[in-house]
Amino acid sequence: MPDDNDDVDEANEFELWKIRELKRIKRDREERAEKDKERAEIERRRKLTDAEREYENKMLGSDSTEKVDKRKYSFMQKYYHKGSFYQDNEDPIFKRDFNVAVGEDLWDKSTLP
């Protein structure tokens with residue numbers, strides 16, 4: 011609902027507006043500086059050699075060589091989700107691979123018609 015009160019202190023309202031405007035200008039300046047910093051980092055990374063970039067990725071922990079390879083499913087194998095509960099438990103039963111074939115998935119399905 012708009013404020014239709016005519017006895018507003020205009021000097022006080024102007025000071026409040028000035029503060030809001032200065033905060034907006036400061037926020038815009040910080041966002042612009044952050045974007046410039048990100049662009050400079052991208053340019054620096056582009057100028058690196060492959061060996062330097064690989065070393066830096068390893069130091070940052072974004073190296074893809076340390077990823078665990080996922081097991082490939084056999085034909086028509088059932089998928090079992092390990093769930094979202096008890097993931098912080100150190101019990102070995104929660105650390106096992108849920109993608110291994112079990113039960114009827116162990117049969118050789120290549121002999122089927």
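Okay, so the sequence shown: first residue is 11 according to this note's numbering, each after it adds one.
Beta carbons are placed, not taken as given, at the ideal position from N, Cα and C, and that holds for glycine.
Option in SER84, LYS105, PHE95 with minimal Cα separation from TRP117: SER84
Cβ pair ASN109, ARG81 closer than 8 Å: yes
THR59 - DSSP class collapsed to helix/strand/coil: coil
Which of helix, strand or coil DSSP assigns to ASP46: helix
Contact belief for ARG125 with ARG63 at Cβ below 8 Å, rounded distance in angstroms: Past the boundaries of the shown model lies residue 125; the chain is included only from 11 to 123, so the question cannot be answered.
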